[in-house]
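Each remark here refers to the structure printed beneath this line.
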Ligand code: MN
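In my numbering, the protein residues as written are 758 to 1493.
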């Protein structure tokens, strides 16, 4: 009795009559005339099409349908098997299939077509994993995968007719994608079959050597199998256990894998034979194991109990290796008939059980099949069943292609922005648009498995708070938050340093001077700050009132009672209103109204750095800030030199811009009465507006003034400075 695995060989003369005859055995109560209608439709559509073998095309769908019958699939799957290439190869619309043969069949055919269109690229293991998950995600209905496996199996069986490159590519794809899927779904008959076919086309030398070797000893082997077989049956009879014993050579791929694992040559591979004993129940499985182990010597370390601990794909069996009657190793698998059914057909077995009436379901049915059935009855819908399997396969999302064909897995509901961040943080940060399958879509567009997404970027783009609402993946969300927090911190630091510097100016000193003298030490200690930067951030974010800082600096000697804060706040308010004005103008979309031109963008908000007050003529750099668009600093501004270079932006002065810019000048004079009004007058005389002036007497009979004036450009500033310099009381004039 040489019962081999299910025979999936190509049948060149298979007819629809024969196919229906086989289907009748499987589905005795079904009306199978529908199969003939599927056949006639498919045959008509594929007229004039030929297989690479030269046969008419229809022989392919016939063989695929036959495989599905062998796997005991349902009528919808068999119909889909006959029709599976009509949408892809004959331009039949899914609607037409739905109208003629029903929605279910149409959906399976559409699923197969979608998977056919995936361009597999399997140079990396992780990519192969993603492709497998994608196939599952796109299938929606598990039957799609099983029909696809049947399709692939027949294509592999007729692969000798295509070019050598195509052979290797197809076989590798099969090994990377379809073999693991068949294995995961527990369809071992298909898995073993595909593996041998892959070996044949990927390593033909090894395959044919193995084939030759096994053929050479054919007679000897058959005799040996027969003898051992008889021996096992005899022993079982002795203990009155009834069962079915089969023996066969192992499949090639498993021999090849053993050769690789053990690093040995074919000559040294001993256990080429495998026996299988099928019995009625689990108790008998263990009983037979005892019988085998007492009749033959077991090889230590080779016993495996997959009944107590099933494999993840629910495979159950006892495995052992013993020294056979001629001192050769033989592998023995012991399992129940039902376990065998599941082992050969895996998930496919589910449909067989599903179609049985609950009343005549066997009492000792396998637990997982039972669970699936129960699940299916309570769910009443196959999509929930599919979800259960997807869960099992860890398919949690959608699978998206990059334009170069790589695959990214994203969670359900992911948008192009999520995809951009999955590709690279910098791509995400610079995203301005996206094309899905060649068409422009909004950034909040929901992606589907199989979409090819192209991200459009601009070097001036920056993430915004709104993006947090668009993104669904935690990676994208955390990257955006990181960016926003960094910008906010930088902004606070910038503002804090700015406020402190301005305040210190009133005390004729600067951050730099005080830092040199370690005057900030008491402040830092008081508030437990490690760096000056931390101090700036806290001032800038209004965590720490400026006055408290000034009070804590020894040489400033401000007291709690001094009226400092109010004036400063007034000045801030005044400045703010000015900046709002500038921002407002800068926001207008005509480039004429922008103070600076930002890389071709004309509707971006621009403000001038308060630290350096750049004026037209100054070399400038733009800094990207959060919410407020772009801040323009002089190129030499110390504030920007240590900022992230990625936030620097090329900007240019707009020659057509006619508004004045504020700039501070510091004038040192001999302290004489009326000097302030004298300087003010001379500034006004050259047509320059003064926004504010701060005067301070100094110990050595000198006066010091800071004027905030408004100039249109650098030449106006120079003109003003030289006018003041000409006054005899004036010692020096500098831009502050
Ligand atoms: Mn096909």
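Where is the CB? At the ideal position from N, CA and C, for every residue including glycine.
- Burial check for residue 1453: the Cβ neighbour count within 10 Å stays below 16, so the residue is exposed.
- Here the stretch 924-943 does not lie against the stretch 836-844, with fewer than 3 beta-carbon pairs under 8 Å apart.
- Between residue 1097 and residue 860, the alpha-carbon positions lie close to 33 Å from each other.
- Around the Cβ of residue 1065, a 10 Å sphere holds fewer than 16 other Cβ atoms; the residue is exposed.
- Per DSSP, residue 940 lies in no beta strand (DSSP E) segment; the continuous alpha helix (DSSP H) that holds it begins and ends at 936-941.
- Per DSSP, reduced to three states, the secondary structure at residue 1003 is strand.
- In chain order, the residues with a C-beta atom nearer than 5 Å to some heavy atom of the ligand MN are 842, 908.
- Excluding residues up to 5 positions away in sequence, 1467 lie with their Cβ nearer than 6 Å to the Cβ of residue 1446 in the same chain.
- In this structure, the beta-carbon distance from residue 1059 to residue 1031 does not fall below 8 Å.
- When DSSP states are grouped into helix, strand and coil, residue 789 belongs to the coil group.
- When DSSP states are grouped into helix, strand and coil, residue 851 belongs to the helix group.
- Contiguous alpha helix (DSSP H) elements confined to the stretch 1140-1215 occur at 1173-1180, 1182-1186, taking only those with 4 or more residues.
- The beta carbon of residue 909 is closer than 8 Å to those of 931, 935, 951 in its chain, skipping five residues each way along the sequence.
- Here residue 1072 is near residue 1100, since their CB atoms are less than 8 Å apart.
- Here residue 1365 is bridged, per DSSP, to 1389.
- No residue range can be given for residue 1416, since it is assigned to no beta strand (DSSP E) and is classified by DSSP as neither H nor E.
- Listed as beta-bridge partners of residue 1030 by DSSP are 1006, 1087.
- The three-state reading of DSSP puts residue 846 in helix, counting H, G and I together.
- Taking residue 1388 as the centre and dropping the five residues before and after it, the same chain places the C-beta of 1364, 1366, 1380, 1382 closer than 6 Å to its C-beta, in chain order.
- A straight-line Cα-Cα distance of about 52 Å links residue 921 and residue 994.
- Residue 1256 and residue 889 have their C-alpha atoms spaced approximately 58 Å apart.
- Classified as exposed, residue 980 has fewer than 16 neighbouring CB atoms from the shown chains inside 10 Å of its CB.
- By a beta-carbon distance limit of 8 Å, residue 904 contacts residue 834. Their separation comes to about 6 Å.
- Straight across, the Cα-Cα distance linking residue 1104 with residue 943 is about 6 Å.
- If you draw a straight line from the Cα of residue 1310 to the Cα of residue 1272, it comes to about 11 Å.
- Within its own chain, the residues whose Cβ lies closer than 6 Å to the Cβ of residue 1458, once the five positions on either side in sequence are excluded, are 1428, listed in chain order.
- A distance of 8 Å or more separates the beta carbons of residue 1420 and residue 1353.
- For residue 1465, there is no enclosing alpha helix (DSSP H); the residue is found in the beta strand (DSSP E) stretching over 1459-1468.
- Spanning the alpha carbons of residue 801 and residue 976 requires a straight line of approximately 47 Å.
- An exposed status is given to residue 1168, since fewer than 16 other beta-carbon atoms sit within 10 Å of its beta-carbon.
- The Cβ neighbour count for residue 1178, taken over all protein chains shown within 10 Å, is at least 16; the residue is labelled buried.
- According to the DSSP assignment, residue 1409 belongs to the beta strand (DSSP E) that extends over 1408-1410.
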